[in-house]
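Working notes, structure below.
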Amino acid sequence: MQMRAFKTVYMRGGTSKGCMFKRDDLPTDKKEWDEIFLKVMGNPDPKQIDGMGGTVSSNNKIVVVWESDLPEVDIEYLVGQVIVGEDRIDYKANCGNMTAAVGPFAVEEKMVTVSQPVTTVRLLNQNTGKHINIEVPIDPETNTFADKGDCRIAGIDGTAAEVLVNFVNPTGAKTGKLFPTGERKESFVLPDGRVIDISVLDVGGPLVIVHAGDVGSSGTEMPEVLSGNAELSDLVEYIRGSVSIMLGFAKDLEDAVVNSPGVPKIALVSNPQTYVDIAKQPVTESEMDICARVYSIFKCHKAIPVTAACGISVAALFEATIVQAITGKVEATNGVRIGHPSGVMKIFPKVDLEKNDVQEVGVQRTARRIMDGRVYIPD
Numbered sequence: 518m519q520m521r522a523f524k525t526v527y528m529r530g531g532t533s534k535g536c537m538f539k540r541d542d543l544p545t546d547k548k549e550w551d552e553i554f555l556k557v558m559g560n561p562d563p564k565q566i567d568g569m570g571g572t573v574s575s576n577n578k579i580v581v582v583w584e585s586d587l588p589e590v591d592i593e594y595l596v597g598q599v600i601v602g603e604d605r606i607d608y609k610a611n612c613g614n615m616t617a618a619v620g621p622f623a624v625e626e627k628m629v630t631v632s633q634p635v636t637t638v639r640l641l642n643q644n645t646g647k648h649i650n651i652e653v654p655i656d657p658e659t660n661t662f663a664d665k666g667d668c669r670i671a672g673i674d675g676t677a678a679e680v681l682v683n684f685v686n687p688t689g690a691k692t693g694k695l696f697p698t699g700e701r702k703e704s705f706v707l708p709d710g711r712v713i714d715i716s717v718l719d720v721g722g723p724l725v726i727v728h729a730g731d732v733g734s735s736g737t738e739m740p741e742v743l744s745g746n747a748e749l750s751d752l753v754e755y756i757r758g759s760v761s762i763m764l765g766f767a768k769d770l771e772d773a774v775v776n777s778p779g780v781p782k783i784a785l786v787s788n789p790q791t792y793v794d795i796a797k798q799p800v801t802e803s804e805m806d807i808c809a810r811v812y813s814i815f816k817c818h819k820a821i822p823v824t825a826a827c828g829i830s831v832a833a834l835f836e837a838t839i840v841q842a843i844t845g846k847v848e849a850t851n852g853v854r855i856g857h858p859s860g861v862m863k864i865f866p867k868v869d870l871e872k873n874d875v876q877e878v879g880v881q882r883t884a885r886r887i888m889d890g891r892v893y894i895p896d
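Add 517 to the 1-based position in the sequence shown for our numbering, that's all there is to it.
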């Protein structure tokens, strides 16, 4: 069997991981990319035995990176979400976790000018057209990414250097509006006729927020329990797909599954609660302002997608949203603490309440290079 080889770096960014490619190392015809990326991950086999994929959405990321000619931009990048078990890739949404890997990647690959002790890499995400600034710590001896440090994030063992991800003006990344339906909270009719409230925001990416109790969830279940509950999963997808239609991303529910599986995402939120996380460690209600479980590509995320965390944190600052009804008033300077299946994430949003605008959202992440070399795929 003949094989094709492509330079790649396998990296973890936050609580996701995937393959990083320089655009110059890929075919100039972008129509060839999908077939390459699918084979890289081992699709359509849901076990992904013959590729680099990790069988869940968070471990199936493709990131294409290139140096920018635009003013005030150092690096442009595009994220592809490989759909496990299928022959398709979703490019509609950015991945906030893998964004944390783009800055260190650019530094290590000498794609940017390095400044000590911290290099700010100015990014433009081509999924959303939004700008992100990444603060990358620099090792004074090697003059490259200092990956060792004392920063600990939920869902990752041990500590590493802090990589600060600052989403600049993330309002309306896909819809142009913070509240794309025009309401901070609105009624939604379930298939059984019950009426519940939902909040829809677009902070780096569209997000539907539902009170967990309204769909029969305690809000503290672990991902395998939620994903394994077919009735609940179908209901959650019905709500998500219906909002996808409302926002113009899909023409019907089937189209939402096929052509817009990652946009919007959907979060089940509840009051702060004590539970045991995915690593069997206790998480107490006093550690969080709100508890959340987020579905990404039809399954409950094992931690929380960064863009979803951004949306939840911003909703906590605006009156009349489902989130603030739970959290009460939260002081933005102290961050918004979100309990999720792997622990607690703290988000730092800066908002203009009068203008319905988000100026910036800061997220503490870590990242590291796992492997580099060439990935081989069947020709």
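Ideal placement from N, C-alpha and C gives every residue a C-beta, glycine not left out.
Exposed unless 16 or more other CB atoms sit within 10 angstroms - verdict on I671: Before going further, note that residue 671 is Ala rather than Ile in the sequence given. Burial call: buried.
On the criterion of 16 or more Cβ atoms from any shown chain inside 10 Å, does T692 qualify as buried, or is it exposed? buried
Pick helix, strand or coil for I756, following the three-state DSSP scheme. Annotated three-state conformation of I756 is helix, per DSSP.
Taking only runs of the alpha helix (DSSP H) that begin and end inside the region 571-655, which ones reach a length of at least 4 residues, in chain order? 613-625
Reduced DSSP category for L724 - H, G, I as helix; E, B as strand; rest coil: strand
With distance defined between alpha-carbon atoms, name the residue in N776, Q790, A610, T545 nearest to L724. A610
Using 8 Å as the threshold, is the region 529-536 in touch with the region 603-623, meaning 3 or more CB pairs across them? yes
Contact between the region 844-851 and the region 740-753: three or more CB pairs below 8 Å? No: fewer than three Cβ pairs fall under 8 Å.
Can you tell me whether S632 is buried or exposed? The criterion is at least 16 other CB atoms within 10 Å of its CB, across all chains shown. By the 10 Å Cβ count, S632 comes out exposed.
So for F538, helix, strand or coil by DSSP? strand
Check L707 in the structure and name its three-state DSSP category. coil
Can you list, in chain order, the residues of its chain whose CB lies under 6 Å from that of E804, leaving out five sequence neighbours each side? Excluding five sequence positions before and after E804, the CB atoms of its chain that fall closer than 6 Å to its own CB belong to V861, given in chain order.
Please check the pair I579 and I606, which I expect to be a contact at CB under 8 Å, by giving their CB distance rounded to whole angstroms. 7 Å
Hey, is the region 851-858 in contact with the region 787-806, meaning 3+ C-beta pairs nearer than 8 Å? Taking 8 Å as the limit for Cβ pairs, the verdict is that the region 787-806 does touch the region 851-858.
Return the chain-ordered list of same chain residues with a C-beta closer than 7 Å to the C-beta of A825, the five sequence neighbours on each side being excluded. L724, K782, A784, V811
From G571 to Q565, what distance separates their C-alpha atoms? 7 Å
Our contact map puts E584 next to Q643 with C-beta atoms below 8 Å; I'd like the distance itself, whole angstroms only. Not confirmed; about 13 Å, so no contact.
Whose C-beta lies closer than 7 Å to the C-beta of K665 among residues of the same chain, with five residues either side of it excluded? A677, A678
What span of residues does the beta strand (DSSP E) with T824 cover, start to end? It is not in any beta strand (DSSP E) - T824 instead sits in the alpha helix (DSSP H) that spans 823-832.
Reduced DSSP secondary structure (H/G/I, E/B, other) of I839: helix
Can you give me the C-alpha to C-alpha distance between R711 and T801, rounded to a whole angstrom? For R711 and T801, the gap between their C-alpha atoms comes out near 32 Å.
Identity of the residue in V786, I814, I795 nearest S830 by Cα: V786
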